[in-house]
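Working notes, structure below.
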Amino acid sequence: MTQETKQLSEHAREEIDSWIKKYPEDQKQSAILAALREVQHENKGYLTPELMDAVAEYLDMPKIAVYEIASFYSMLETTKVGKHSISICTNISCMLSGSDEIVEYTEKKLGIKTGESTADGKFFLKQEEECLAACCGGPMMMVDHVYYENLTPEKIDKILDELD
Amino acid sequence: MTDDKVTIEVDGKTLEARKGQMLIEVTDANDIYVPRFCYHEKLTVAANCRMCLVEVEKAPKPLPACATPVMEGMKVQTKSEYARNAQKSVMEFLLINHPLDCPICDQGGECELQDLAMGYGSDVSRYQEKKRVVQDKNIGPLVQTEMTRCIHCTRCVRFGEEIAGLRELGATGRSEYMEIGTYVEKSMVSELSGNVIDVCPVGALTSKPFRFSARTWEMSQQSGIAPHDGLGSNIHFHIKQDVVKRVVPAQNESINEVWISDRDRFSYEGLYSEQRLSSPMVKQDGKWKPVDWSVAFDMVSNNLKESVSADPKSIAALVSPSSSTEEAFLLQKIVRGLGSHNIDHRIHQGDFSDQENDPVYPWLGQDIAEIENLDAALLIGANPRKQQPLLNLRLRKAALKGAAISALNSIEYDFNYQLANNIVVSPLAMVGELAAILKALAEKTGKNQDLPGFINKIEINSTHRAIADQLVSVKTTSVLAGNAFSSHPEYSSLRFLASKIAELSSSTFGFLGEFANETGCWLTGAVPHRMVAGQHSAQIGLNAISMFENPLKTYLLFNIDPLCDTWNGSLAMNSLEQAESVIAFSAFRTPSLDKVATVYLPISIYAENEGSLINVQGTSQSFASCVSPQGEARPGWKVLRVLANHLQLEKFEYEDVTGLNKEVNDLIGNVSPNNKAQYREAVLNKPSDNAVARVTDTCMNSLDVLVRHAESLQQTQDISDGKVHLNQTLANKIGLENGASVLIEQSESSLNLDYAIDNRLPENTILIHAAHPDTAGLGAWYENVSIRKA
Ligand code: SF4
Ligand code: FES
Ligand code: FES
């Protein structure tokens, strides 16, 4: 193992290996998205250049190719973010059912703008570009991969206050 | 009509095309212009700029010519209103986020975006909103970025991946936020990085050293030959007011295609170094004084005449193998005219013991372009990526097509393709390893006659067998000797073995060549044992090492820095210090010349010079002087001619370089090279146990006196660092910790040096870069050394 791949935990390596097995032998770079997701998860929700380099080394890819992928996909974070990731959908259906107010309320509550993290590192209000495919329940948001629908300010309070 | 041909119609003209060709290739071949940005004939098709949209009959929308394969009966309009509208719309989109800062852009005047905006843009922009701005990146000393100008064609990204073999630039982020860059701040390290300047169609990537120094339309273009490796890449000088402002590649498919190395692109800066020698100088009472040419010539001819009357053999000349054919020819003619055969150009060679069997000149063994058709190759003592960058590009093409390229080196070099086998051993083990490959080959082919007796005792392993198998199992194969092969202290033995390997495996045997004009030097007799055209000389003079073994009276150094350009700097300096006269024909003042020379004769170099260079495939290429020499400097051939006249030597009545060139060509015209000779049989020296061996490597940007004076290249990684390199194991063994320095002892001297951990090195081996003034005085390039913590 090189100095670089040592950055990856044993668990992360096992996980990546299980993905590599799903693809043809000479195409282990196909596991890149799974690898980055896992590594990001273990690193409190974001990737660092060192971790991306480790993944590049592990999958035998040019480092820049990993940076390209990590910076392309919105579910991968390349800067330090708060522990809980909150994505409020603002796509058409949600917008029509009042997502703007929900965003405004949440921003005010947390004291940050969309795209920022709270100073205590607890919350990250992610800029969500896409429809999260729960239009019938709009306005909706996703917090740490869990969907919450038909949002109201009260609901926001309850959901966020319950997080540790 | 044959199966692979189709007939199409473009703008009403009937054209023949090959099946599968892209439309743009066909229109290009037929002089029908289709605008484009992302398409580049040497790169894969990306089809991301959409500038090449054309109208194709029956197609429901405009199609990109660069990504549309031709089909039988296809009818295309490239200039119909429909096509023009599509092209104009794309243009409008491309300009939306472009800063339109042509007046302050270095690309202005040669910008593809500017040109196409003239033809396809509208005069007023309808776009009133905010434009995006992209932060510039510092990507090293050679390439300047201005990323707001980028149009995301990805040519630079594809260049890195497909040609340079090193993905350094990429497109990160997406949509509005997509940016081209390295993502983390770092310098580009590819030896071909400068080519992104040429492929970038806009002013996003431009030359850093050239920045803001001229407008493109103020410069004139002249042709030249790059003087830093044995290829002789074709280049263009861009000149403003008699000053070379930059160098760009000229297309020559048989040599450099459309690329050049960074070394060839930026070495012109050396022309304008403050160290340039601008007038003849003589040393009086230890002080340098400028003098007139006539004074200098009188002094030099008197020195030489005195030496001749004492003993002609007390004169020796060392000529740089980057000098022109004409310079090498005249210098040897003078030396021989004075009655001495002491002339050499083999400045990086350490073993001359089998020079009797030298070929007329060591050559590539094939044409440069043929390298890409190899099915297998064995590289010995070679780092082509840094030392012959454009030849490596061909090797890489071969490797990507599946060729099995193997290497035997003393440093684990970084190849930009997968090696089939890679042997990295101490220089002391090189002969044994090569013998093992030979033995494996002999076993495989059953041809085991005429092999040296020691072969029996050699042990072979699966790697040797694999290399042997690969060399015999495919058709086109080559054994290629690199720089560390020719400078190895057991060169003769290596050469015997390599040539045998080539013979047994029916491979060509080639030398990659280190300097720009080794061939010209060989052919003109700038060696002590051969005359013009490779004829054996009855008398054999002293070679590049033996001329310094005992101090002689007079030395002529042509384009040489005696400390940095010799295989044993301390030996050379020692004898030169004791010589009566040391005549330096030089374009630069260097500390070591200042120290030992007695006279400086300023010669022009590179773009200022005229003459010819002969490359590793034997092609002679002439170049004319494109700018005036600095100060009083004159082309070397003229200086030598005038010197010969002062010496009253006969047959030196050359009027111009063309006449001289013709005489030389008539003399050497029909010599054909052959590397396969009856070489003296190899001997196997048993390395003493635990000896620490020194290896010397010449970094690409420290090769010759011109690049060493090129400022920007000296800021890259590829320069000599003056340190002792050793691997972690050896460092632990001698107890090195952070901050310590190393005491290194060679037979002639010892030095206290900083060290660098370099795990590319094999066991018990240390590396010192050549051509660093701090370490060049240490002694021979290869020798056993003792090292300990200082
Ligand atoms: S920097 Fe130049 S070559 Fe690279 S993508 Fe941008 S415009 Fe194209
Ligand atoms: S628009 Fe919000 S989930 Fe679809
Ligand atoms: S040149 Fe065809 S899409 Fe760019």
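Chains as they are written, first to last, in the working numbering: chain U, 613 to 776; chain C, -8 to 781.
All residues carry an ideal CB built from backbone N, CA and C; glycine is no exception.
Does any heavy atom of ligand 2 sit closer than 7 Å to the C-beta of residue i?
i      : result
C/L370 : no
C/S166 : no
U/S686 : no
Should residue i be listed as close to ligand 1, given that the test is whether its C-beta is under 7 Å from any heavy atom?
i      : result
C/P26  : no
C/C144 : yes
U/V651 : no
C/A155 : no
C/L196 : yes
C/V190 : yes
C/I87  : no
C/C96  : no
Any heavy atom of ligand 3 inside 7 Å of the beta-carbon of residue i?
i      : result
C/Y645 : no
C/Y111 : no
C/C57  : yes
C/R75  : no
C/A20  : no
C/A781 : no
C/Y30  : yes
Please classify residue i: does DSSP put it in a helix, a strand, or coil?
i       : result
C/S583  : helix
C/A767  : helix
C/S211  : strand
C/S71   : coil
U/E669  : helix
C/F502  : strand
C/M(-8) : Note that C/M(-8) has pLDDT 46, beneath the 50 cutoff, so the model's placement of it is unreliable and no number is given.
C/R327  : helix
C/I226  : strand
U/K767  : helix
C/Q357  : coil
U/K618  : helix
C/T515  : coil
U/I632  : helix
C/N541  : coil
C/L554  : coil
U/S705  : helix
C/S561  : helix
Opposite residue i in the DSSP bridges: which residues?
i       : result
C/D460  : Answer is none; C/D460 lacks a bridge partner.
C/N243  : C/E248
C/D688  : C/H760
C/D782  : The displayed coordinates of chain C run from -8 to 781. Any statement about residue 782 of chain C would go beyond what the structure contains.
C/M13   : C/P60
C/V776  : C/V683
U/M754  : U/S699 and U/Y759
C/T197  : C/Q135
C/I748  : C/L717
C/L386  : C/L386 is not bridged to any residue.
C/T(-2) : C/E7
For residue i and residue j, which I take to be in contact (beta-carbon distance under 8 Å), what is that distance rounded to the nearest angstrom?
i      : j      : result
C/L322 : C/L547 : 7 Å
C/S285 : C/E182 : About 45 Å separates the two Cβ atoms, so there is no contact after all.
C/P90  : C/R140 : 6 Å
U/S711 : U/C701 : 6 Å
C/S397 : C/L369 : 5 Å
C/E509 : C/P303 : Actually they do not touch by this definition, with Cβ atoms about 26 Å apart.
C/L262 : C/A598 : 6 Å
C/E481 : C/M522 : C/E481 to C/M522, Cβ: 28 Å. No contact.
C/E401 : C/T756 : Note that residue 401 of chain C is Ser in the sequence shown here, rather than Glu. Between C/T756 and C/S401 the Cβ distance is about 6 Å, and since that is below 8 Å, they are a contact.
C/S566 : C/P542 : 4 Å
In chain order, what are the residue ranges of uninterrupted beta strand (DSSP E) at least 3 long that sit wholly in the segment 583 to 664 of chain C? Taken in chain order, the complete beta strand (DSSP E) segments of 3 or more residues contained in the segment 583 to 664 of chain C are 590 to 593, 602 to 605 and 611 to 614.
Runs of 3 residues minimum, wholly inside the segment 139 to 182 of chain C: which ones carry the beta strand (DSSP E) assignment? Runs found: 161 to 163 and 170 to 172.
In chain order, which continuous runs of the alpha helix (DSSP H) of length 4 or greater are located wholly inside the segment 241 to 324 of chain C? As for any alpha helix (DSSP H) of minimum length 4 sitting wholly inside the segment 241 to 324 of chain C, the runs are 253 to 257 and 284 to 301, ordered along the chain.
Those runs of the alpha helix (DSSP H) which lie wholly inside the segment 35 to 113 of chain C and span at least 4 residues: Scanning the segment 35 to 113 of chain C for uninterrupted alpha helix (DSSP H) segments of 4 residues or longer gives 72 to 87 and 103 to 111, listed from N- to C-terminal end.
Taking the runs of the beta strand (DSSP E) that are 3 residues or longer, which of them lie wholly in the segment 460 to 490 of chain C? As summarised for the segment 460 to 490 of chain C, the continuous beta strand (DSSP E) elements at least 3 residues long and confined to that stretch are 468 to 472, given in chain order.
Could you tell me which uninterrupted alpha helix (DSSP H) segments, each at least 4 residues in length, are contained entirely in the segment 396 to 451 of chain C, listed from first to last along the chain? Listed in chain order, the alpha helix (DSSP H) elements of length 4 or more contained wholly in the segment 396 to 451 of chain C are 421 to 436.
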